[in-house]
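Chains as they are written, first to last, in our numbering: chain A, 6 to 182; chain B, 26 to 645. Single-structure report; data block below.
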Amino acid sequence: MLFDFSKNHFELFGLAPAFHVDVGRLDQAYREIQTLVHPDKFAHLGDQEKRLSMQWATHANEAYQTLKKPLSRARYLLHLHGVDTQEESNTAMPAEFLMAQMEWREAIMEAKEAQDISDMEQLHNRLRSEMREQHQELGRLLDEKADYQGASGLVRKLKFMEKLGEEIDTALEMMEA
Amino acid sequence: MALLQIAEPGMSAAPHQHRLAVGIDLGTTNSLVATVRSALAVVLNDENGRSLLPSVVRYRADGVDVGCHAVHAQATDPQNTIVSVKRFMGRGLPDIADAAHMPYHFVDEPGMVQISTVAGVKSPVEISAEILKVLRQRAEKSLGGELVGAVITVPAYFDDAQRQATKDAARLAGINVLRLLNEPTAAAVAYGLDNGSEGVFAVFDLGGGTFDISILKLSRGVFEVLSTNGDSALGGDDFDHRIYCWILEQAGLSGLNHKDVRLLQSHARAAKEVLTEHEEAAITAVLSTGETVDLTLNTEVFASITKSLVSKTLAPTRKALRDAGLTVEEVKGVVMVGGSTRMPIIQHAVGEFFAQEPLNNLDPDKVVALGAAIQANVLAGNRSEDDWLLLDVIPLSLGLETMGGLVEKVVMRNSTIPVARAQEFTTYKDGQTAMSIHVVQGERELVSDCRSLAKFELRGIPPMVAGAARIRVTFQVDADGLLSVMAREQSTGVESSVTVKPSYGLSDEQITQMLQASHTHAKDDMLARALQEARVEGGRLIEAVEAALEEDAHLLKEGESDKIAARIDALHEAIKGDDHRLVTQALEALNHATESFAARRMDASVNKALTGQKLEELEN
């Protein structure tokens, strides 16, 4: 490949590699790059330019999406530090966390059975706010304490919570249908 | 060559030459073509001053009628007069809900349904191409030249098969597709550029046969689609159908012939339109049996018989908002698009849902075509003063069938395009040497509940124990929202790839055959056209390369300059000749010679942009 895709995603957007990113700057840098490389700028040109442009625009989208979402940003940052988050292989979780998970699932089941949309929406909002708190913690672990193992464990927890979120959203969709 | 536009955004390769490009709204009920003339987007009319072309095609034994002529034949020749063909695009017979009530002779073909007419069996792609041909002719006549290309709009919620079918239809009509553009996004462009709006907007687009809801963020020249949802089989037609069923019920009719069915259907539509302005609509008709229908439909009854259709638009609207991570309060404005949004019940429901008056200041029938024209003008390389960027998404997740008929999602819905995602799979039996790859689209967990897009096989996997082979499947969705899939066994490099077409799309060969069958002097015409196109393309490439060389000569490597110059000369020579294949060959050779130079320029320009940004930060 001719392009310099070797730059990491933070470098691509001119950002320091950290969990706390200036979202405004990320958005702006992303848009500036897309303004240059997006296939719409190459639509009247030859196939080769179109292909190059699609590769670049795809790459910019991938990098942006990775950095935009806190969980994938943390995962990517850990990857840059050579830490594997072991989300598939390491399923050991503190008992307390597992208990909380069970409670969440029960609450979702109950709201599902009662077909209660507002209950389900409340669960959705509560989960979001809990996840936001965990993102703060993730920032502390990564940017202040450089505790990559701790951060890695938290990423695994958040992955569980994200799955809960998906379940809630699917249930909401089914209820609304 | 693109890169000159990177360095000089205000300059086009040929500043004096305006390239003729149009936007086409290929609608379920009506179609339109628009262009940008003297910096103003305008809809092009036919010789009688009509802008809307009814999307109706009538086949006769010795010809085809499109538009108004065909509309008149609806009641007299229903079998050969196809209305709302958009509903059949990329669809199989089982997908068409009320096929039994339609007057057509459907032919159940694998992939896409076909219709048997007096002029032979026709696919929805061919029927749509007839509509597009008329629009293309209208545009070329009105603009006085051949089109460089067109932006064709599609419902945002169209899946891959429906998009591919639309693109095939355009190719069949001899149109170079600059881009497939989502209808709500096109509307947002027309609306946003007109009003200089900033903030989050919802585009509520209810057409004749399709419904889309898109949530967009507009900010300083960027139109970013945050989420989209909809129903590609819900539109004004369904409201007509409810009225039609009500007429049958009220008048105690059944077992009507096709002509009477069409007659009452058009009365149903007329009644719906009357109710937009009035409280009541009279429905009077004399059937071929001599029976008379004399009914009055009021707004209250209309609201009650269509209540479930209205709520079918609100559920996707809720989903789109949730996918965008937004609440109703964060939406600054709701833009209404599509003729069906004229219905007061829709206006009312949308107003209530968003707790604000919807915006109706652009003609809902024309806004999509106008937005498409504005975008076509930019894509054709006619640079306007201000530049903007459209970031659109795919409407439905893409995935693969795994063991047990389950779907593994690879690209999630609402991903910004272009997007690529790779996933690794493995074999499940010892010594397995082939793997079948089944690509599906949809949100459901079971393969059987999703749309099957393509099946292909990766063969020649070296025999290994189960789970040892590593097969990497890569999905690439381009800026038209079209998917291609590649599979590769990692340890040996055995490859197989497919642009997702086999199930629903047409092969290049089929398109060529159809083109040939449709022209009397097919071969000569095609050769002449191919030569003409190759010459234009060649000329354009030379201009672009020369401009790039002038600007960025310092990026050339040793010997590159001579090589490029030689290939430019060769292309000049080929253009003078009359063999389009030689022109194409020379063109590819030049393209090849400039490949790494082009890449270096792109890297340099991206770097330059980022360096500029860092300087700004320092200043702040």
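For every residue, glycine included, the Cβ atom is placed at its ideal position computed from N, Cα and C. Since this is a predicted model, take the numbers as computed values, not measurements.
Check whether the Cβ of residue 247 of chain B lies closer than 8 Å to any Cβ atom in chain A.
Within the second sequence, the letter at position 222 stands for residue 247 of chain B. Yes, because at least one Cβ of chain A sits closer than 8 Å to the Cβ of residue 247 of chain B.
In three-state terms, what does DSSP make of residue 66 of chain A?
As a position in the first sequence, residue 66 of chain A is number 61, starting the count at 1. Reduced to three states, the DSSP call for residue 66 of chain A is helix.
Would the segment 611-623 of chain B count as touching the segment 561-575 of chain B if we require 3 or more Cβ pairs under 8 Å?
yes
Counted within 10 angstroms of its Cβ, other Cβ atoms place residue 103 of chain A as buried (16 or more) or exposed
If you number the first sequence from 1, residue 103 of chain A lands on position 98. Taking all protein chains in view, the Cβ of residue 103 of chain A is surrounded by fewer than 16 other Cβ atoms within 10 Å, so the residue is classified as exposed.
Rank A/14, A/22 and A/11 by C-alpha distance to the C-alpha of residue 149 of chain A and give the top, closest one.
One-based indexing of the first sequence puts residue 149 of chain A at position 144. Nearest C-alpha to residue 149 of chain A: A/22.
Starting from the N-terminal side, write out each stretch of the beta strand (DSSP E) that is 3 residues or longer and does not extend beyond the segment 320-403 of chain B.
Here the runs fully enclosed are 358-362.
Same chain only: Cβ atoms within 6 Å of residue 227 of chain B, ignoring 5 sequence neighbours per side:
Walking along the second sequence from the start, residue 227 of chain B turns up at place 202. For residue 227 of chain B, the CB contacts under 6 Å within the same chain, skipping 5 residues up- and downstream, are 240, 356 and 359 in chain order.
Short-range partners of chain B found in the segment 46-57 of chain A, where Cβ spacing is below 8 Å
Interface annotation for the segment 46-57 of chain A against chain B: 46, 47, 48, 49, 50, 51, 52, 53, 54 and 57, criterion Cβ-Cβ distance under 8 Å.
DSSP beta-bridge partners for residue 300 of chain B?
By 1-based counting over the second sequence, the position of residue 300 of chain B is 275. Residue pairing from DSSP leaves residue 300 of chain B without any beta-bridge partner.
What in chain A is Cβ-close to residue 347 of chain B, meaning under 9 Å?
Within the second sequence, residue 347 of chain B is the residue found at index 322, counting from 1. In chain order: 129, 174, 177 and 178.
Going along the chain, which residues of its own chain have a beta-carbon closer than 7 Å to the beta-carbon of residue 653 of chain B, five neighbours each way excluded?
Lying outside 26 to 645, the shown extent of chain B, residue 653 of chain B is not represented and no answer is given.
Determine, for residue 558 of chain B, whether the minimum Cβ-Cβ distance to residues of chain A falls below 8 Å.
As a working mapping, residue 558 of chain B is identified with position 533 in the second sequence. No, residue 558 of chain B does not count as interfacial toward chain A.
Per-residue DSSP class, three states only, for residue 92 of chain A:
Here residue 92 of chain A corresponds to residue number 87 of the first sequence, with the count starting at 1. Three-state DSSP puts residue 92 of chain A in coil, outside helix and strand.
Closest Cβ-Cβ distance between residue 631 of chain B and chain A: below 8 Å?
The residue you call residue 631 of chain B lines up with position 606 of the second sequence. Taking Cβ atoms only, chain A reaches closer than 8 Å to residue 631 of chain B, which makes this a yes.
To test your reading of the DSSP string, which unbroken beta strand (DSSP E) runs of 3 or more residues are found completely within the segment 408-471 of chain B?
414-416, 423-427, 431-436, 444-450 and 460-466
Can you tell me whether residue 149 of chain B is helix, strand or coil according to DSSP?
In the second sequence, the residue the question calls residue 149 of chain B occupies position 124. Looking at residue 149 of chain B - three-state DSSP - the assignment turns out to be helix.
Rounded Cβ spacing between residue 115 of chain B and residue 400 of chain B (contact assumed at less than 8 Å)
Looking up residue 115 of chain B in the second sequence gives position 90. Looking up residue 400 of chain B in the second sequence gives position 375. At roughly 23 Å, the Cβ-Cβ gap does not stay under 8 Å, so residue 115 of chain B and residue 400 of chain B are not in contact.
What is the DSSP secondary structure of residue 192 of chain A, counted as helix, strand or coil?
The requested residue 192 of chain A is not part of the displayed model; chain A covers only 6 to 182.
For residue 582 of chain B, report the span of its beta strand (DSSP E) as first-last.
As a position in the second sequence, residue 582 of chain B is number 557, starting the count at 1. Careful: residue 582 of chain B lies outside any beta strand (DSSP E) and carries neither H nor E.
Going along the segment 422-452 of chain B in order, which residues come within less than 9 Å of chain A, judged by CB to CB distance?
440, 441, 442, 443, 444, 445 and 446
Is the Cβ-Cβ distance between residue 330 of chain B and residue 267 of chain B less than 8 Å?
Mapped onto the second sequence, residue 330 of chain B falls at position 305. Mapped onto the second sequence, residue 267 of chain B falls at position 242. For residue 330 of chain B and residue 267 of chain B, yes; Cβs fall inside 8 Å.
Short Cβ contact (8 Å threshold) for residue 59 of chain A with residue 503 of chain B:
Within the first sequence, the letter at position 54 stands for residue 59 of chain A. Within the second sequence, the letter at position 478 stands for residue 503 of chain B. The answer is yes: Cβ separation under 8 Å.
Please report the Cβ distance between residue 288 of chain B and residue 322 of chain B, rounded to the nearest whole angstrom; I am assuming they are in contact, meaning their Cβ atoms lie under 8 Å.
Here residue 288 of chain B refers to the residue found at position 263 when the second sequence is read from its first residue. Here residue 322 of chain B refers to the residue found at position 297 when the second sequence is read from its first residue. Not really, about 16 Å apart at Cβ, beyond 8 Å.
Examine the ligand GDP and report whether any of its heavy atoms sits within less than 7 Å of the Cβ of residue 487 of chain B.
Because no ligand of any kind appears in the structure shown, any question about the ligand GDP cannot be addressed here.
Is residue 123 of chain B helix, strand or coil by DSSP?
Within the second sequence, the letter at position 98 stands for residue 123 of chain B. DSSP places residue 123 of chain B in coil when its eight states are reduced to three.
Cβ neighbours of residue 180 of chain A in the same chain (closer than 7 Å, five flanking residues each side left out)
Position 175 of the first sequence holds residue 180 of chain A. Answer for residue 180 of chain A: 120, 122 and 125, listed in chain order.
Is the CB-CB distance between residue 300 of chain B and residue 338 of chain B below 8 Å?
The residue labelled residue 300 of chain B in the question sits at position 275 within the second sequence. The residue labelled residue 338 of chain B in the question sits at position 313 within the second sequence. It is not a contact, given that the beta carbons lie outside the stated cut-off.
Measuring CB atoms only, is the segment 159-175 of chain A touching the segment 68-79 of chain A, in the sense that at least three cross pairs come out at less than 8 Å?
yes
Output yes if chain A places a C-beta closer than 8 Å to the C-beta of residue 583 of chain B; else output no.
By one-based count along the second sequence, residue 583 of chain B stands at place 558. It does not; no Cβ of chain A falls within 8 Å.
Counting pairs of Cβ atoms below 8 Å between the segment 147-155 of chain B and the segment 78-96 of chain B, do you hit three or more?
yes
Classification of residue 582 of chain B by the beta-carbon crowding that lies within 10 angstroms, buried from 16 upward:
Position 557 of the second sequence, counting from 1, holds the residue named residue 582 of chain B. Under this definition residue 582 of chain B is an exposed residue.
Identify, in the order they occur along the chain, each residue of the same chain with its Cβ nearer than 6 Å to the Cβ of residue 577 of chain B, setting aside the five sequence neighbours on each side.
The residue given as residue 577 of chain B occupies position 552 in the second sequence. Excluding residues within five positions, the ones whose Cβ falls inside 6 Å are 626.
Selected residue, minimal CA-CA separation from residue 127 of chain B, among B/282, B/175 and B/62:
As a working note, residue 127 of chain B is residue 102 in the second sequence. Comparing Cα positions, the closest option is B/282.
Give me the Cα-Cα distance between residue 273 of chain B and residue 284 of chain B, rounded to the nearest whole angstrom.
Indexing the second sequence from 1 puts residue 273 of chain B at position 248. Indexing the second sequence from 1 puts residue 284 of chain B at position 259. Straight-line Cα distance between these residues: approximately 15 Å.
Residue 9 of chain B at chain A interface by Cβ criterion, 8 Å:
In the structure as shown, chain B begins at 26 and stops at 645. Residue 9 of chain B is therefore absent and cannot be evaluated.
Can you pull the chain B neighbours of residue 66 of chain A, defined as C-beta to C-beta under 8 Å?
In the first sequence, residue 66 of chain A corresponds to position 61, counting from 1. Here the neighbours are 440, 441, 442, 443 and 444.
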